[in-house]
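Chains as they are written, first to last, in my numbering: chain A, 1 to 301; chain B, 302 to 602. Comments concern the structure below.
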DNA sequence: GTTATTAATGCTTTAAAGGTATTAGTCTGC
DNA sequence: GCAGACTAATACCTTTAAAGCATTAATAAC
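Pasting the structure below:
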């Protein structure tokens with residue numbers, strides 16, 4: 001049995017007239033009659049009660065009509081849903097991101113994506129760069145917003161923004177009032193940095209910048225999240241570097257200063273598995289691309 | 302798109318190997334490859350991620366696989382259910398019957414039918430002969446157990462039992478103790494009969510029998526149901542005729558006597574529309590037939 | 001009784017599906 | 001690094017199932 005048998009059957013069952021049904025199906029009446037006969041023979045069930053001049057459904061025919069309509073409808077829906085999945089209009093997208101990405105580029109991209117693809121189920125998780133890589137490896141996330149450098153070869157990486165890090169000082173710190181602040185002015189300060197193994201490249205970058213400024217930093221603490229580092233700065237334990245977008249999270253005891261001259265900076269990128277061909281991810285990447293182009297245009301203007 | 306496309310797709314999706322899938326489908330690999338290509342072209346969706354040496358499903362392919370399996374399963378079920386309906390194994394059967402049929406032939410027939418066709422939904426309604434005919438005409442019932450004669454030409458009628466009617470007498474009636482009771486002995490009694498228009502043929506039969514016994518009955522009441530007539534007999538209002546099977550419904554104030562010689566009797570028959578080709582009805586008729594044959598054999602033995 | 005209607009049948013044509021032989025990459029093992 | 005096995009795709013031909021055309025047979029309506 002094939003779907004065209006069902007289509008033919010439904011047409012005849014609805015018209016109760018072989019000639020008209022055949023016309024509607026763009027075929028001739030004898031062909032249709034024979035197909036219906038073949039269908040009845042295959043099912044070994046009489047679907048129509050025929051006289052030489054009229055046709056009506058048997059009880060079994062009525063049952064089969066309901067089923068046939070459902071099957072045809074389901075088939076149509078299966079095609080539609082498959083196409084939508086292929087276009088990335090339906091599916092799921094799991095995003096991971098650093099705390100600072102959540103406060104900069106991410107929100108607008110997510111908003112655009114939601115608007116354009118309302119039927120995609122979106123899951124969002126804050127994770128540090130390392131955890132994102134692990135999550136990507138374990139197929140627990142689809143796209144990560146993380147900091148470069150990342151050396152994993154099985155990942156595709158696309159830089160999307162430069163992120164300058166600011167100095168966080170206690171409000172009462174002597175340097176807090178100074179307009180222009182250079183790294184060398186901080187030579188005698190106690191530094192609260194992130195753990196070295198949580199981003200050795202960035203750690204080294206900070207050390208190198210200090211050395212270029214003529215001193216080796218006095219690292220009094222290595223603390224995991226920027227949030228916590230800011231807390232310790234407020235408590236007067238020292239100074240710290242935090243991503244520029246995190247200054248919006250206000251702590252009245254802390255002020256943020258952009259360093260003039262060279263300052264620590266990180267490159268935010270999106271990462272996804274090379275073997276990920278999810279159309280949803282593709283669509284999300286398009287939106288990211290689009291958003292970046294817009295930023296570039298705006299910064300030029 | 303046709304069902305065989307779905308079958309081919311499911312086979313390849315399950316094996317992820319064109320050659321083996323083709324073998325399983327009893328066809329050659331190139332034919333299968335081409336069919337899948339054609340399907341993808343028709344859907345305008347890539348279902349498989351192919352390399353020269355391996356095949357795997359795309360996200361859209363995974364979606365389509367689920368749908369395809371469901372459609373194929375539904376199709377199989379549709380065929381099965383249609384066949385069962387055609388065989389009368391599934392459906393509904395609405396029975397109507399007189400009160401006396403419910404106490405004689407009907408229960409065993411219904412029991413047999415239930416055992417053999419447990420998936421048929423059975424509806425049962427007590428109705429007098431006239432109401433049954435109306436219900437049959439209005440498609441509110443499928444088969445009736447009613448009294449002959451019935452003249453409707455659009456009904457098929459099959460006599461199934463002769464029903465002798467008994468005399469119901471008040472317990473304290475002088476004739477109550479007599480072993481042999483003939484109609485002529487009742488010449489002076491007050492008769493409680495059924496309404497004439499509710500079965501004129503049977504009414505006339507009773508009058509005729511009385512006349513043959515040498516008297517014209519003194520009809521003091523015409524009352525609708527046998528139940529009610531028995532009630533009035535118990536109340537001492539007169540004597541009545543009731544179907545033999547109704548004597549089992551005991552009223553201690555009433556006794557039943559079979560008339561020797563000629564007695565009123567009715568023919569119980571089943572009736573159904575000539576244009577009713579419901580397989581369920583056909584199956585029920587088979588069981589009725591079967592049961593009647595059994596009765597005949599038993600009465601001969 | 002004649003005509004129109006309508007489903008079925010016989011025969012021919014067409015188109016879709018399938019088969020065989022072969023090609024073109026890709027992986028494995030020595 | 002090369003030979004051989006493996007596997008999906010392509011080219012070309014054959015088969016088969018479905019469709020068309022002409023006609024028949026039976027029924028209903030006038």
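Where a beta carbon is used, it is the ideal one built from N, C-alpha and C, also for glycine.
Local conformation of residue i per DSSP, three classes
{"i": "residue 536 of chain B", "result": "coil"}
{"i": "residue 578 of chain B", "result": "coil"}
{"i": "residue 195 of chain A", "result": "coil"}
{"i": "residue 110 of chain A", "result": "helix"}
{"i": "residue 184 of chain A", "result": "helix"}
{"i": "residue 266 of chain A", "result": "strand"}
{"i": "residue 152 of chain A", "result": "coil"}
{"i": "residue 346 of chain B", "result": "coil"}
{"i": "residue 208 of chain A", "result": "helix"}
{"i": "residue 215 of chain A", "result": "coil"}
{"i": "residue 459 of chain B", "result": "strand"}
{"i": "residue 404 of chain B", "result": "coil"}
{"i": "residue 479 of chain B", "result": "coil"}
{"i": "residue 320 of chain B", "result": "helix"}
{"i": "residue 301 of chain A", "result": "coil"}
{"i": "residue 426 of chain B", "result": "strand"}
{"i": "residue 340 of chain A", "result": "Beyond the ends of chain A as shown, which are 1 and 301, falls residue 340 of chain A; an answer cannot be given."}
{"i": "residue 418 of chain B", "result": "coil"}
{"i": "residue 465 of chain B", "result": "strand"}
{"i": "residue 302 of chain A", "result": "Residue 302 of chain A is absent from the structure shown; chain A starts at 1 and stops at 301."}
{"i": "residue 524 of chain B", "result": "coil"}
Contact set for residue i: own chain, Cβ-Cβ below 8 Å, skip 5 residues either direction
{"i": "residue 485 of chain B", "result": "514, 515, 516"}
{"i": "residue 196 of chain A", "result": "203, 222"}
{"i": "residue 316 of chain B", "result": "322, 325"}
Pairwise C-alpha distance: residue j and residue i
{"i": "residue 77 of chain A", "j": "residue 279 of chain A", "result": "19 Å"}
{"i": "residue 290 of chain A", "j": "residue 375 of chain B", "result": "44 Å"}
{"i": "residue 198 of chain A", "j": "residue 142 of chain A", "result": "22 Å"}
{"i": "residue 304 of chain B", "j": "residue 59 of chain A", "result": "25 Å"}
{"i": "residue 432 of chain B", "j": "residue 583 of chain B", "result": "22 Å"}
{"i": "residue 601 of chain B", "j": "residue 373 of chain B", "result": "55 Å"}
{"i": "residue 273 of chain A", "j": "residue 154 of chain A", "result": "6 Å"}
{"i": "residue 559 of chain B", "j": "residue 544 of chain B", "result": "10 Å"}
{"i": "residue 418 of chain B", "j": "residue 45 of chain A", "result": "19 Å"}
{"i": "residue 333 of chain B", "j": "residue 350 of chain B", "result": "16 Å"}
{"i": "residue 69 of chain A", "j": "residue 457 of chain B", "result": "35 Å"}
{"i": "residue 436 of chain B", "j": "residue 461 of chain B", "result": "20 Å"}
{"i": "residue 342 of chain B", "j": "residue 335 of chain B", "result": "10 Å"}
{"i": "residue 427 of chain B", "j": "residue 62 of chain A", "result": "29 Å"}
{"i": "residue 237 of chain A", "j": "residue 252 of chain A", "result": "16 Å"}
{"i": "residue 8 of chain A", "j": "residue 27 of chain A", "result": "10 Å"}
{"i": "residue 509 of chain B", "j": "residue 578 of chain B", "result": "40 Å"}
{"i": "residue 561 of chain B", "j": "residue 47 of chain A", "result": "55 Å"}
{"i": "residue 344 of chain B", "j": "residue 86 of chain A", "result": "10 Å"}
{"i": "residue 502 of chain B", "j": "residue 479 of chain B", "result": "30 Å"}
CB contact check: residue i to chain A, cutoff 9 Å
{"i": "residue 430 of chain B", "result": "no"}
{"i": "residue 338 of chain B", "result": "no"}
{"i": "residue 420 of chain B", "result": "no"}
{"i": "residue 416 of chain B", "result": "no"}
{"i": "residue 424 of chain B", "result": "no"}
{"i": "residue 574 of chain B", "result": "no"}
Interface flag, residue i vs chain B, CB-CB below 9 Å
{"i": "residue 195 of chain A", "result": "no"}
{"i": "residue 75 of chain A", "result": "yes"}
{"i": "residue 12 of chain A", "result": "no"}
{"i": "residue 267 of chain A", "result": "no"}
{"i": "residue 63 of chain A", "result": "yes"}
{"i": "residue 46 of chain A", "result": "yes"}
{"i": "residue 284 of chain A", "result": "no"}
{"i": "residue 278 of chain A", "result": "yes"}
{"i": "residue 49 of chain A", "result": "yes"}
Contacts around residue i, its chain only, beta-carbon distance under 6 Å, and the 5 residues preceding and following it disregarded
{"i": "residue 306 of chain B", "result": "340"}
{"i": "residue 245 of chain A", "result": "100, 103, 104"}
{"i": "residue 542 of chain B", "result": "466, 565"}
{"i": "residue 219 of chain A", "result": "191, 193"}
{"i": "residue 96 of chain A", "result": "125, 127, 132, 135, 141, 144"}
{"i": "residue 206 of chain A", "result": "264"}
{"i": "residue 395 of chain B", "result": "424, 442, 443"}
Own chain, CB closer than 7 Å to residue i, minus 5 neighbours either side, in chain order
{"i": "residue 234 of chain A", "result": "170, 251, 253, 254"}
{"i": "residue 288 of chain A", "result": "109, 160, 270"}
Only counting runs of 3 or more residues, tell me where the beta strand (DSSP E) segments fall wholly within the stretch 43–95 of chain A, in order along the chain. 48–50, 55–57
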